[in-house]
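Trainee: Position one of the sequence shown corresponds to residue 106 (the numbering used here), numbered consecutively onward.
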Amino acid sequence: MLSNDVKATHSASEIESWLSQYLAKVLEISEQEIDHHAHFDKYGLDSALAVSLTGDLEEWLGKRINPTLLYNYTTIASLSENLATELTN
């Protein structure tokens with residue numbers, strides 16, 4: 106999941122926004138077409154995209170993220186909530 110080395114201050118809504126922008130850019134669709142409650146597989150999230158997404162998200166958050174986290178939290182909303190909670194602990 107996340108490492109405990111540095112505390113970050115990203116809210117769930119900030120993480121949701123980042124994820125929406127990321128997926129919209131990768132999928133070449135408007136951000137308004139991204140449903141925060143739809144499963145990632147709706148957007149064709151495969152293992153290669155999951156690794157890429159988590160790598161970029163790690164860089165933005167400044168925290169290590171296990172790529173399998175996207176399979177445990179399968180929507181933007183649930184992943185964002187989980188990450189925000191972990192970042193504040």
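Where a beta carbon is used, it is the ideal one built from N, C-alpha and C, also for glycine.
#1: Among residues of its own chain, excluding the 5 on either side of S108, which ones have a beta-carbon nearer than 8 Å to its beta-carbon?
#2: Would you report the Cα separation of S118 and E136, rounded to the nearest angstrom?
#3: Say yes only if the C-beta of S185 is nearer than 7 Å to one or more non-hydrogen atoms of the ligand GDP, and no if none qualify.
#4: Under the three-state reduction of DSSP, which class applies to V111: helix, strand or coil?
#5: Tell me H144's beta-bridge partners as DSSP assigns them.
Mentor: Looking at the atomic coordinates:
#1: Because the pLDDT of S108 is 43, which lies under 50, any placement of that residue in the model is unreliable, and the question is left without a value.
#2: 14 Å
#3: Ligands displayed in this structure: none; no statement on the ligand GDP is therefore possible.
#4: Because the pLDDT of V111 is 43, which lies under 50, any placement of that residue in the model is unreliable, and the number read from its coordinates should be weighed accordingly. Note: V111 maps to coil in three-state DSSP.
#5: T180
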